[in-house]
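*Asks:* Below are the structure tokens for one structure; questions will follow.
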């Protein structure tokens with residue numbers, strides 16, 4: 005099966021490398037843009053997934069996506085823990101403020 009000339013090994017490799025860099029930098033906006041680009045490719049050129057020349061690159065991209073998903077989930081969980089800690093601190097600060105403003 006001949007691949008679409010606009011979907012090349014170099015293009016998929018570049019997207020994979022840029023995704024890896026975005027993961028390292030935790031650049032969620034860049035990941036979002038790259039994801040949109042991959043979705044467009046797959047939407048308009050679904051046949052490229054069947055191209056034997058592109059298969060290894062798509063496998064690498066898939067593994068990179070899985071890593072991105074794990075990294076994002078870790079970041080979400082870390083943010084949740086930090087938010088809970090901040091909320092707890094805020095509650096303690098409000099309680100302290102309330103006790104300090106009571107009229108005796």
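In the numbering used here, the protein residues as written are 5 to 108.
Idealized CB from N, CA, C, for every residue including glycine.
Run through DSSP, which three-state label would residue 6 get?
*Replies:* Residue placement at residue 6 cannot be trusted, given a pLDDT of 49 that sits under 50; the coordinates are not used to answer.
*Asks:* Is residue 49 helix, strand or coil when you go by DSSP?
*Replies:* Coil, per DSSP.
*Asks:* Which whole-angstrom value describes the C-beta separation of residue 20 and residue 59, a residue pair presumed to lie in contact below a C-beta threshold of 8 Å?
*Replies:* Contact flag wrong, Cβ pair sits at about 13 Å.
*Asks:* Classify residue 80 as buried or exposed, calling it buried when 16 or more other Cβ atoms lie within 10 Å of its own Cβ.
*Replies:* Its Cβ having fewer than 16 others within 10 Å, residue 80 is exposed.
*Asks:* What is the DSSP secondary structure of residue 12, counted as helix, strand or coil?
*Replies:* Of the three classes helix, strand and coil, the one that applies to residue 12 here is coil, per DSSP.
*Asks:* How many Å lie between residue 88 and residue 10 at the Cα?
*Replies:* Answer to the nearest angstrom: the Cα atoms are 47 Å apart.
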